[in-house]
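First comes the structure, then the notes that go with it.
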């Protein structure tokens, strides 16, 4: 067996899962299952929010230790599902190690194009309005806000703006447009509902959920890191909305 390739495959699987929103304990579990197919004496891994360490050791081989820095986090459950599927296929002997590594390398491709992502953003913004008690006018305003939000996010990603700054700019843009819409002579519109609905795509719900699950599993470092990440994202959203409203009330 090519132990070096096995370690690289396990680390790649873990890195892909961690970048796309998987819990720390789930990443460790997947890596261990892949490493155990080597039937060696020691197969261990430590996964943190920003890095992965893997060690493979046996009296018959030289110790192999790999450390991988993980940068950039998002949420893509489809990619996590693909990694789980490939991992199960390899561990059950359905595919070779080389094929598993090749399949994992191919996961990075985009599942949907930017246009579909932007349409989904508009639908999410408009779809939350009825849940907060809004009517048709608020739905239309939130849909317009969704277009603005999608435009800002797309432009920010192309310009590679820092995620914290992008969250501030996105929420500020939402607040500015909401205040402007509130001054239009189109009847009474609840701008609070519009703003709340429009920032829902930015809310760190997955990060908070994963923080709780990691903490309950005993991964306190990763849990606290995710809590801090969620707090900073929430603070950026609040700061952006506050600045956006304040700018037009000066």
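Numbering (the working numbering), first residue to last: 10 to 259. Where is the CB? At the ideal position from N, CA and C, for every residue including glycine.
| Query | Result |
| --- | --- |
| Grouping DSSP H, G and I as helix and E and B as strand, with all else coil, what is residue 84? | coil |
| Hey, residue 79 and residue 60 are a contact pair by Cβ (cut 8 Å); roughly how many whole angstroms apart? | 6 Å |
| Run the CB neighbour count on residue 221, radius 10 Å, all protein chains shown included, and call it buried at 16 or more, exposed below. | exposed |
| Roughly how many angstroms lie between the CA atoms of residue 223 and residue 168, to the nearest whole one? | 33 Å |
| Would you mind sorting residue 143 into buried or exposed? The rule is 16 or more other CB atoms within 10 Å of its CB. | buried |
| If you follow the beta strand (DSSP E) that residue 56 is part of, which residue opens it and which one closes it? | 51 to 57 |
| Hey, how far is the Cα of residue 286 from the Cα of residue 140? | Lying before the first or after the last residue shown, residue 286 is absent from the chain, which here runs from 10 to 259. |
| With 16 as the cutoff for other CB atoms within 10 Å, does residue 173 come out buried or exposed? | exposed |
| Quick one: what's got a C-beta closer than 6 Å to residue 45's C-beta in the same chain, skipping five residues either side? | 52 |
| Can you give the Cα-Cα distance for residue 99 and residue 15, rounded to whole angstroms? | 11 Å |
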